[in-house]
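Structure, as structure tokens:
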Amino acid sequence: MALPDGLYDQLLTEELWQSLFATTNADTRLLNLLREDEAPSYLADALVAQLKAILEDLREDGKEKLLSQLDLVNSLLVNLRQRLNPQTSAAEVDMLVKPPQVLRAIYRQSAYPVAPETGLSLPWLFTAGKGSPSLLTELRRELAACDQVDILVSFITHSGVRKLLDILQTVTAIGADGLPRTRLRVLTTTYTGATEIVALDELARLPGCEIRISLDGRRTRLHAKAWLFRRRTGFGSAYVGSANLSGAALMGGLEWTVKFTERGQNELFERACAHFETLWEDPEFQRYDPANPLHRQALGEALKRESGEDIIARPTYFDLEPKAYQQEMLDQLEIEREHERWRNLVVAATGTGKTVVAAFDYRRICLLHGGQPRLLLTIQSILEVAQNWFTVATFRCRR
470 MALPDGLYDQ LLTEELWQSL FATTNADTRL LNLLREDEAP SYLADALVAQ LKAILEDLRE
530 DGKEKLLSQL DLVNSLLVNL RQRLNPQTSA AEVDMLVKPP QVLRAIYRQS AYPVAPETGL
590 SLPWLFTAGK GSPSLLTELR RELAACDQVD ILVSFITHSG VRKLLDILQT VTAIGADGLP
650 RTRLRVLTTT YTGATEIVAL DELARLPGCE IRISLDGRRT RLHAKAWLFR RRTGFGSAYV
710 GSANLSGAAL MGGLEWTVKF TERGQNELFE RACAHFETLW EDPEFQRYDP ANPLHRQALG
770 EALKRESGED IIARPTYFDL EPKAYQQEML DQLEIEREHE RWRNLVVAAT GTGKTVVAAF
830 DYRRICLLHG GQPRLLLTIQ SILEVAQNWF TVATFRCRR
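In the numbering used here, the protein residues as written are 470 to 868.
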């Protein structure tokens, strides 16, 4: 049977090679040698695929089949270890116990936690379809048994917080050690003005909850939605998709959310956690404390501005700093000028902040020479934007 045209990413077996050889030639197939760094993953996947089929094909039924499957796997583990070291005995191999059992939880100091219906190892796609677990139910179960949860959403509403408030209050309650059982971190924005202050206040009152928010929705435009549940056991979970922390999103709607796990998709889980840490440390996201009147005022004004309620634009004050790659451009410009090379061209991708570089560069010239020296050659539109950036150190919000 001829293989269909298209992309593949599959380790060749003898059967696949015979089919490939019979229906293609060197000009119509692309093969690459397996790289050493890829070998463990590819070979393990191939072994798992064939081993699963072999285990399913065993002839016994019921408990007899289960025990035969267990014996086969343990025998395979021993043989593999002995291939590496012929002196290895069966007692030295970490074999599966008989009868086979699955560790689900250890709960020395609390009641037995109910695990998510979708488990802690396999991926899942939530689509609000009939007969499948609801996103809200699974999030509640994940929250009930985790050591830390990181939430990244575009906006947060009171209706969404109410759906989870009881379980959040339970897991963040102060324990005998004086610390909340679960650490909670929230990243959100004022994008479109949809975030509700009362919702943030509810979350901020929870022990151990930290909130950081971007007050400039036009610049941030954060569309990512993610829930990262971290566990010291190594069985963390991540939910990434289209659902914000709102009642409508959690209760269904046309939302898709993908779940992947630390155990089953470790590389993906680690990347998600690392990216959250990057955003958490980004100065664009500012700490929100409802007890601080300046925080409340800045948030209220930002939400009005983003929702279009604040018709008369008011200046919003920022402590601006160039990003690392922008500072590198500025340093290179300074070096060029120190060597009397005045004709310089800054080239960077759209949206990476060339205008910001121009503004900081002009400010430095002003500080060096005093006043506002005339620029001999510039682009008018860039100059106007740069001047707006540093006119009384404010942004002018334009509609």
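Quick reminder that beta carbons are idealized off the backbone N, C-alpha and C, glycines included.
Below-8 Å beta-carbon distance, residue i vs any chain B residue
i, result
"L675", "Among the protein chains of the structure shown there is no chain B, as only one such chain exists."
Segment limits, beta strand (DSSP E) that includes residue i
i, result
"E724", "Counting along the chain, E724 falls outside any beta strand (DSSP E), and DSSP gives it neither H nor E."
"W872", "In the structure displayed, the chain extends from 470 to 868; residue 872 sits before or after that span and is not available."
Those residues which DSSP pairs with residue i across a bridge
i, result
"A695", "L621, V709"
"Q487", "The partner list for Q487 (beta bridge, DSSP) is empty, contrary to what the question assumes."
"V571", "None, per the DSSP bridge assignment."
"E665", "Answer is none; E665 lacks a bridge partner."
"L541", "Answer by DSSP bridge pairing: none, since L541 is not bridged."
"S683", "T658"
"P649", "I643"
"L814", "Paired residues: none, contrary to the question."
"L714", "I625"
Between the CA atoms of residue j and residue i - distance to the nearest angstrom
i, j, result
"H692", "G662", "14 Å"
"H764", "E753", "14 Å"
"A613", "V709", "19 Å"
"R806", "L768", "42 Å"
"L697", "A712", "14 Å"
"L591", "A707", "11 Å"
"N735", "R504", "21 Å"
"G647", "P676", "10 Å"
"E739", "V547", "32 Å"
"A718", "E724", "7 Å"
"Q766", "V655", "20 Å"
"Q551", "T557", "5 Å"
"Y794", "L714", "33 Å"
"T492", "N554", "42 Å"
"G644", "S623", "31 Å"
"Q570", "L527", "20 Å"
"P791", "R732", "39 Å"
As assigned by DSSP and simplified to three states, the class of residue i
i, result
"E505", "coil"
"K823", "helix"
"L594", "strand"
"P676", "coil"
"T730", "strand"
"R756", "strand"
"P585", "coil"
"L524", "helix"
"L480", "coil"
"L882", "An answer regarding residue 882 cannot be provided, because it is not within the stretch 470 to 868 covered by the chain."
"L472", "coil"
"L608", "helix"
First and last residue of the uninterrupted alpha helix (DSSP H) at residue i
i, result
"T658", "Not the alpha helix (DSSP H): T658 falls in the beta strand (DSSP E), residues 652-658."
"Y794", "793-807"
"D635", "627-640"
"Q766", "762-776"
Residue from the options with nearest C-alpha to residue i
i, options, result
"C678", "G703, T641, L472", "T641"
"F490", "Y477, L472, E507, Q796", "L472"
"S628", "N501, E775, E671", "E671"
"Y511", "L799, D478, V816", "D478"
"A513", "A741, R681, L549, T824", "L549"
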